[in-house]
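2 is the number that numbering that gives the first Met the number 0 gives to position 3 of the sequence shown; each next residue is one higher, with no gaps. Beta carbons are placed, not taken as given, at the ideal position from N, Cα and C, and that holds for glycine. Being a predicted model, the structure only gives us computed values, none of them experimental. Below is one structure, written out as structure tokens, with a few remarks after it.
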Amino acid sequence: MPMLSDLTAAYLKSVPAQQQTAQQQELLRFRRWLGDDRPPESLTARDVEGYQDYLIANRMDLARAVPPLKSFLAFAERTGAIPYKLARYLKPPRSAAASTRKGGNAAQAAARANDRPATVLTADGHAALEAELKNLSTVERARIAQALREARADRDIRENAPYDAAKQHQAMVEARIRELEAILATAEVLRETPVSERVAIGSTIVLRDLNEDDELRYTLVSTNEANPRLGKLSVASPVGKALLDRLPGETVEVTVPAGTLRYRIEQIESA
Numbered sequence: 000m001p002m003l004s005d006l007t008a009a010y011l012k013s014v015p016a017q018q019q020t021a022q023q024q025e026l027l028r029f030r031r032w033l034g035d036d037r038p039p040e041s042l043t044a045r046d047v048e049g050y051q052d053y054l055i056a057n058r059m060d061l062a063r064a065v066p067p068l069k070s071f072l073a074f075a076e077r078t079g080a081i082p083y084k085l086a087r088y089l090k091p092p093r094s095a096a097a098s099t100r101k102g103g104n105a106a107q108a109a110a111r112a113n114d115r116p117a118t119v120l121t122a123d124g125h126a127a128l129e130a131e132l133k134n135l136s137t138v139e140r141a142r143i144a145q146a147l148r149e150a151r152a153d154r155d156i157r158e159n160a161p162y163d164a165a166k167q168h169q170a171m172v173e174a175r176i177r178e179l180e181a182i183l184a185t186a187e188v189l190r191e192t193p194v195s196e197r198v199a200i201g202s203t204i205v206l207r208d209l210n211e212d213d214e215l216r217y218t219l220v221s222t223n224e225a226n227p228r229l230g231k232l233s234v235a236s237p238v239g240k241a242l243l244d245r246l247p248g249e250t251v252e253v254t255v256p257a258g259t260l261r262y263r264i265e266q267i268e269s270a
């Protein structure tokens, strides 16, 4: 089944070369927020609106971030990868930016963004992002600088593929560094796993998939450290949202384009 990363790669091939780097940066941010493991057909209007709320709450440049996403969603609809017209749920950048200046709507956006605590991190997640930032700021920057020096040695950089590739990579790395710095500057770190009878961010839970009769084990984390393959489920995902504040023994249902997922919370594990 094609994933979101596959669809964005296909879209970027249709974009003029001079626009690819900028659009790739914005779509990479969108993919990280949603999760690369999401199949495109699972995207909803709430996902799109929630992402724009996230951009507003974090004072991102909507004039730069929204147009590539609208184009991508329109491409996804044209190719049949997404069965809905999701691009219409993105507000025009000017009106969205104006709402940020007014303050009231920005506060509402921030409150909605808190439904997905994107800046609440587990201690492990915080350490991982710090390590990634350190690696990008030191090792990767030095590697890129060396690649650019070697590419410039050719002198004629007008049609220098290695130079162009290094510059594109540099732009992506610098965008990720800025993103990590913004996340870490405002992050609230959970130093201990919360002790609670209800599911919360940081909780490790055992689920029973009632459709497949499988046992699943996940830790609920922020979007910035989510990795379903490692058992880290984003609280912004449909299942994560449904599980928040629930008790052991409760059953949750999540409607997706492919049908309805049903899970029973078997246990909230203690630290």
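Residue i versus residue j: straight-line alpha-carbon distance, rounded
i, j, result
"I267", "L209", "18 Å"
"A186", "L120", "7 Å"
"Y88", "T254", "20 Å"
"V198", "G124", "18 Å"
"Q24", "A150", "23 Å"
"A337", "A235", "This structure cannot speak to residue 337, because the chain is shown only from 0 to 270."
"A126", "E180", "13 Å"
"G103", "V65", "Interpretation of G103 is limited by its pLDDT of 44, a score under 50 that renders its predicted location unreliable; no figure is taken from the coordinates."
"D213", "E265", "12 Å"
"V14", "A80", "17 Å"
"L243", "Q17", "43 Å"
"M59", "Q51", "9 Å"
"L85", "T78", "13 Å"
"S233", "A122", "15 Å"
"Y162", "E211", "50 Å"
"A106", "A62", "Any reading at A106 needs caution, since the residue's pLDDT is 43, under 50, leaving its predicted position unreliable; the model's value is listed next. Rounded to the nearest angstrom, the two C-alpha atoms are 19 Å apart."
"V188", "E252", "30 Å"
"K90", "Y53", "13 Å"
Per DSSP, cross-strand counterpart(s) of residue i
i, result
"T254", "T259"
"Q266", "V205"
"D123", "According to DSSP, D123 bridges with nothing at all."
"E187", "V119"
"S233", "V220"
Where residue i sits in the DSSP three-state scheme
i, result
"K133", "helix"
"N226", "strand"
"D213", "strand"
"T78", "coil"
"S4", "helix"
"P38", "coil"
8 Å contact criterion, which residue i and residue j should meet: CB distance rounded
i, j, result
"R207", "R263", "4 Å"
"P39", "L3", "6 Å"
"E196", "L246", "6 Å"
"Q22", "P67", "4 Å"
"F71", "L26", "6 Å"
"S221", "I204", "With 8 Å as the limit, S221 and I204 do not qualify as a contact, their Cβ atoms being about 16 Å apart."
"L219", "G239", "6 Å"
"S136", "I176", "6 Å"
Chain-order list of residues whose beta-carbon lies under 6 Å from that of residue i (same chain, five-residue window excluded)
i, result
"E139", "V172"
"T250", "R263"
"R37", "L3"
Neighbourhood of residue i by C-beta, 8 Å cutoff - its chain only, sequence neighbours within 5 removed
i, result
"I143", "A165, H168, Q169, V172"
"R30", "L3, S4, T7"
"L183", "H125, L128, E129, L132"
Contacts around residue i, its chain only, beta-carbon distance under 7 Å, and the 5 residues preceding and following it disregarded
i, result
"S41", "V255, P256"
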